[in-house]
Amino acid sequence: MIEIKNVNVSFKSEIQKKIFGSERVQVLHDISINIPEGRCLGILGESGSGKSTMGRVICGLLKPDSGEILLNGVSVYNSRTGKKNLQKKLSVVFQDYTTSANPRFRIKDVLMEGVRAKERKGKKVKDINSELERLLILVGLDSSYLNRFPHELSGGQLQRVCIARAVACEPEIILFDEAISSLDAHTQVQIMDLLLELKDKLNLTYVFITHDLTSVTYLCDDVMFLYKGRITDYQEVKNLSQTKDEYARKLLESIITYDSEETA
Amino acid sequence: MFRRFIKNKTAVGTVALVLIIAILGILAPVIAPNDPYKTDIINKFASFSWQYPFGTDNLGRCILSRMLYGIRPTLGLAVLTMLGTIGLGALMGLLAGYFRGIIEEVIMRVVDVMLSFPSQVMVFAVVALLGINVQNVILANVFIKWAWYARMIRTGVMQYRERNFIQFSRCVGTPERFILIRHLIPSIAADLAVLSSLDVGWAIINISTLSFLGLGVQAPTPEWGAMLNEAKNVLTSNPTQMIIPGIAIVILVSAFNLMGDALRDVLDPKEVAE
Ligand SMILES: Nc1ncnc2c1ncn2[C@@H]1O[C@H](COP(=O)(O)OP(=O)(O)OP(=O)(O)O)[C@@H](O)[C@H]1O
Ligand SMILES: [Mg+2]
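This is how it looks when you write it as structure tokens:
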């Protein structure tokens, strides 16, 4: 469904050897990957490895220095229609939930933006209020939150509202950038169950960015390891234990030791 | 928003005070006890009386009536100046912040040039160049002040564009119009309201200063700054003539400054005054 071809991204470096220099730090190196329809791709990597940057490239928010993103064979960054196409199909939950909702909006307005995106696709919403309520119940909240402001919610509640907003658009692809990392273990499982259910029901494609291997094994079909801006391994989750890649092994082992420590 | 406004005593108080003063100014012809231009040489420097509640000035004109009539040029011109400044500044700032590229470069370089002039000197220069006249005073004030607003608004636009809620809107294809009207402008408007109510105070002082120096509103027209100018010659013999417009200016300017602070609390959704 989405094809990423030889993408390179660099940012202007803060430290320049010369005044007015234009040295750049490369953040993503020659990334190529294919995200098939109806599957969930996990992107795993440590902090600063370029996961969010890659997410922004996929969302159409950051034009890569070189390389191409193809959505069903149409380039996203080369034409207006390509981008329009992507906007119709994709929705996103960002890592930083504190700025994800306009602080001047009530929760119902926040969700309305998603509902409006759905309406733009020609899907009629008959009863707005029950639709908003349905969305909140979906993520384990209730309609009493509709009239609150974002700052009156806890971080986890707000993140769930953001997930509800992403789902409200009824997209085909949803990108989660550490969307559930800020939630407690119990809610994480609850949300992941919900996501799996939605995925089956609506045949969604997920891109799931995280640094937590356990949630990847729970939710994803494929996993991609990102280390310092390079793909070090790409595997189906069920073959994960056979990975030969050093970095992936290290991650796997660290989780296993962590788990055994906990049970001990 | 409205409930928060009612709860904030400073906001209600200052807005009410400014409104009352504005209404007094509008109703001046009805409520003023005397003709502000009528001289009464026999009664000059009269002290408080029923006929002249605040006494009379060096030409025997009723000070209260002149104060009331003076509200229009004092407050009106200041508000007009601010509207002009914000209008021009907002337009330029939005253009620069929104379209980027060459438009931004041009606007911001002009802004840089504007900001590098000392503002008071610029006002004098513009007034001297265009002639002493009220319109020119306003023009000069708008001319030197818009750059501040343009810069502030551009910074605001750029800062909020990067916020995730706007990035989300972009991602799902929300129309640019919605992003601008519902996300960007309200976010910036709060900062703008604070700055502009502080700046109305500045404009009042500036216009009064120019009038005091004889560069703004001209002699017989009642304006608070011009009244101070007339009063300065009789400072020792008839201090009330000086004290009344002086105090009035201080009160009005303070009201606007306090209003700026209070508005910030009201417009910030996180400042819930429980
Ligand atoms: N706008 C930017 N300008 C300059 N450098 C940037 C910018 N955005 C990201 N970077 C750099 O790119 C690298 C990757 O950042 P990114 O946000 O993608 O990391 P991440 O994998 O999402 O990390 P985390 O798990 O902490 O969220 C970092 O070294 C960061 O400093
Ligand atoms: Mg990140």
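Chains A and B supply the protein sequences, listed in that same order.
At position 102 of the first sequence (counting the first as 1) the number is 102 in my numbering, and the numbers step up by one without a gap.
At position 134 of the second sequence (counting the first as 1) the number is 1134 in my numbering, and the numbers step up by one without a gap.
Think of the CB as a built atom: it goes at the ideal place given N, C-alpha and C, for glycine as much as any other residue.
For residue j and residue i, the rounded distance between their alpha carbons
i       : j       : result
B:R1177 : B:S1169 : 11 angstroms
A:L213  : A:L251  : 8 angstroms
A:R24   : A:L61   : 19 angstroms
B:W1222 : B:I1249 : Checking the displayed sequence, the identity of residue 1222 of chain B turns out to be Pro instead of Trp. B:P1222 and B:I1249: Cα-Cα distance of roughly 14 angstroms.
B:I1153 : A:Y145  : 33 angstroms
A:L153  : A:V110  : 13 angstroms
B:N1133 : B:V1217 : 7 angstroms
A:V27   : B:P1186 : 35 angstroms
B:L1115 : B:L1024 : 37 angstroms
A:V189  : B:E1104 : 48 angstroms
A:S143  : A:K244  : 49 angstroms
A:Q95   : A:S52   : 8 angstroms
A:V57   : A:K17   : 28 angstroms
A:A270  : A:K199  : Outside the displayed range of chain A (1 to 264) lies residue 270 of chain A, so it cannot be described from this structure.
A:K238  : A:Y218  : 11 angstroms
A:V139  : A:V74   : 33 angstroms
B:A1033 : B:Y1069 : As written in the sequence, residue 1033 of chain B is Pro, which differs from the Ala given in the question. So the two alpha carbons sit approximately 11 angstroms from each other.
B:G1101 : B:M1108 : 11 angstroms
A:G82   : A:V76   : 4 angstroms
B:Q1135 : A:V9    : 54 angstroms
Per DSSP, the bridge partner or partners of residue i
i       : result
A:C40   : A:Y206
A:E236  : A:D222
A:K12   : A:R24
B:C1062 : B:T1056
A:K5    : A:E68
A:F176  : A:V93 and A:F208
A:I128  : Paired residue(s): none; A:I128 is not in a bridge.
A:Y227  : A:R230
Contacts around residue i, its chain only, beta-carbon distance under 7 angstroms, and the 5 residues preceding and following it disregarded
i       : result
B:Y1149 : T1085, I1086, G1089, A1090 and G1093
A:S13   : E23, R24 and V25
B:P1220 : Y1037
A:R104  : none
A:E236  : D221 and D222
Contact test: residue i Cβ vs ligand 1 heavy atom, cutoff 8 angstroms
i       : result
A:M54   : yes
A:V27   : yes
A:I31   : no
A:Q16   : no
A:L226  : yes
B:D1199 : no
A:E23   : no
A:D177  : yes
A:G50   : yes
A:K63   : no
A:G42   : no
B:F1256 : no
A:G45   : yes
A:G229  : yes
A:K12   : yes
Close beta carbons around residue i, own chain, < 8 angstroms, minus the five adjacent residues each side
i       : result
A:N78   : E68
A:F11   : R24, V25 and V27
B:E1274 : A caution first: B:E1274 carries a pLDDT of 37, below 50, which makes its placement in the model unreliable, though a value can still be read off. If we look at B:E1274 and ignore the five residues flanking it on each side, it has no Cβ neighbours.
B:L1235 : M1242
A:A264  : With a pLDDT of 49 at A:A264, under the threshold of 50, the modelled position of this residue cannot be trusted; read the value that follows with caution. None.
Proximity test, residue i beta-carbon vs ligand 2 heavy atom, cut-off 8 angstroms
i      : result
A:D127 : no
A:Q95  : yes
A:K180 : First, the residue type needs correcting, since residue 180 of chain A is Ile and not Lys in the sequence shown. Not so, every heavy atom of ligand 2 lies at least 8 angstroms from the Cβ.
A:I209 : yes
Cβ shell of residue i (< 6 angstroms), same chain only, five flanking positions each side left out
i       : result
A:N203  : G38
A:L158  : Y97 and P150
B:V1266 : R1004, F1005, N1008 and A1011
A:G42   : F208, V216, C220 and V223
B:S1047 : G1055
B:Q1051 : none
B:F1212 : G1225, L1228 and N1229
B:D1268 : none
B:N1238 : F1045
With three or more C-beta pairs closer than 8 angstroms as the rule, is the region 1221-1238 of chain B touching the region 1050-1065 of chain B? yes
Assess contact between the region 123-140 of chain A and the region 1193-1205 of chain B, defined as three or more Cβ pairs (one per stretch) separated by less than 8 angstroms. Is contact present? When C-beta atoms of the region 123-140 of chain A are compared with those of the region 1193-1205 of chain B, fewer than three pairs fall below 8 angstroms, so the two segments do not count as touching.
Pairing CB atoms from the region 1032-1047 of chain B with CB atoms from the region 1189-1197 of chain B, are three or more of them under 8 angstroms? As far as the Cβ criterion goes, the region 1032-1047 of chain B does not touch the region 1189-1197 of chain B, which means the pair count is below three.
Residues in the region 87-98 of chain A with C-beta within 9 angstroms of chain C's C-beta atoms, listed in sequence order? The displayed structure is made up of protein chains A and B, and chain C is not among them.
On the three-pair Cβ rule with 8 angstroms, is the region 83-94 of chain A touching the region 160-173 of chain A? yes
Inter-stretch contact at 8 angstroms, needing at least 3 Cβ pairs: the region 1112-1129 of chain B / the region 1137-1148 of chain B: yes
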